[in-house]
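Enquirer:
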Amino acid sequence: MSRYVIVSFLEKATLGITFSKSEWLLHLTILRPFFSDNEDGYLIGILKDSLLEKQKVTSTGKVKEMFGPNKDVAVTELEHNTRIQDLHDSIESAFKPFIRFESEQYPTYRPHVTNQGSRGIVVGEEVVINSVSLVKIDNDSRQVLATVALI
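Here it is in structure tokens:
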């Protein structure tokens, strides 16, 4: 069983790039970490199918928050809108039969950008979600398996 997450990178992330847990690029989590027994290629196909005809989404940094079970993860929560919710819901619906989530989730989707060291976004900063990536999580390494551009 392998572990994955689906994100939208806010910094350039090339296909196949591998990085450590501490070197995450700025990103918006679209679908929280999950496990799957399915092959990488199968999951890539699900991602591509779930994003057919999906358009770019824009949001703005709304408020600084602390997330995580211990409230120790600094994030900037984004303005929630119907298009960002639709993007999340489409992907979650497509993947749900083939995955098991790693942890509990907030009762509702709360789009956010997690600070990466001293990097993050500020309240009021515009964020454009123009692609979605499937990232494989393996111990301390992360690998971008696929990136699908939005229209």
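Each residue of the sequence shown is one higher than the one before, starting from 217 at the first, in my numbering. In this text, a Cβ means the ideal position worked out from N, Cα and C, and glycines have one as well. A quick note: this is a predicted structure, and the numbers were derived from the prediction, not measured.
Helix, strand or coil: how does DSSP classify LEU175 here?
Expert: No statement about residue 175 is possible, as the shown extent of the chain runs from 217 to 367 and does not include it.
Enquirer: When the Cα atoms are used, what is the spatial distance from VAL339 to LYS278?
Expert: Roughly 5 Å separates the two Cα atoms.
Enquirer: Do HIS243 and PHE283 come within 9 Å of each other at the CB atom, strictly closer than that value?
Expert: Their beta carbons are not under 9 Å apart, which means PHE283 does not touch HIS243 by this criterion.
Enquirer: So what's ALA229 in DSSP terms, helix, strand or just coil?
Expert: Note: ALA229 maps to coil in three-state DSSP.
Enquirer: On a CA-only basis, which of TYR220, PRO323, GLY336, PHE311 is nearest PHE250? Give me that one, please.
Expert: Minimum Cα distance to PHE250 is reached at TYR220.
Enquirer: Given a cut-off of 9 Å on the beta-carbon distance, is the pair PHE225 and SER306 in contact?
Expert: In this structure, SER306 does not lie closer than 9 Å to PHE225 by Cβ.
Enquirer: Could you tell me whether the Cβ atoms of ALA362 and ILE246 are closer together than 9 Å?
Expert: Contact flag unset, no.
Enquirer: Counting along the chain, where does the beta strand (DSSP E) carrying ASP288 start and finish?
Expert: Element bounds for ASP288: n/a, residue is neither H nor E.
Enquirer: Have a look at GLN271, GLN332, PRO313 and flag the residue whose alpha-carbon is nearest the alpha-carbon of THR292.
Expert: If we check each option's Cα against that of THR292, GLN332 comes out closest.
Enquirer: Starting from the C-beta of ARG316, find all residues in its chain whose C-beta is less than 7 Å away, skip the five residues before and the five after it, and write them out in chain order.
Expert: Result list for ARG316: PHE250, PHE251, in chain order.
Enquirer: From GLU320, TYR258, LYS237, LEU241, pick the residue whose C-alpha is nearest to that of PHE314; which is it?
Expert: When only C-alpha atoms are compared, the closest one is TYR258.
Enquirer: Thinking LYS270 and ILE367 are a contact (beta carbons under 8 Å), I'd like their distance in whole angstroms, please.
Expert: Yes, they are in contact, since the Cβ atoms of LYS270 and ILE367 sit about 7 Å apart, within 8 Å.
Enquirer: Tell me the DSSP bridge mates of ALA362?
Expert: DSSP, once it has assigned bridges, lists LEU350 as partnering ALA362.
Enquirer: Tell me which residues share the same chain as GLU295 and place their Cβ nearer than 7 Å to its Cβ, disregarding the 5 neighbours each side in the sequence.
Expert: Correct list, in chain order: SER275, THR276, LYS278.
Enquirer: Considering Cα atoms alone, identify which of LYS264, GLU308, ASN355 is closest to PHE235.
Expert: PHE235 has its Cα closest to that of ASN355, out of LYS264, GLU308, ASN355.
Enquirer: VAL364 and ILE233 look like a contact to me (Cβ under 8 Å); what is the Cβ gap, rounded to whole Å?
Expert: With a Cβ gap of about 16 Å, VAL364 and ILE233 do not count as contacting.
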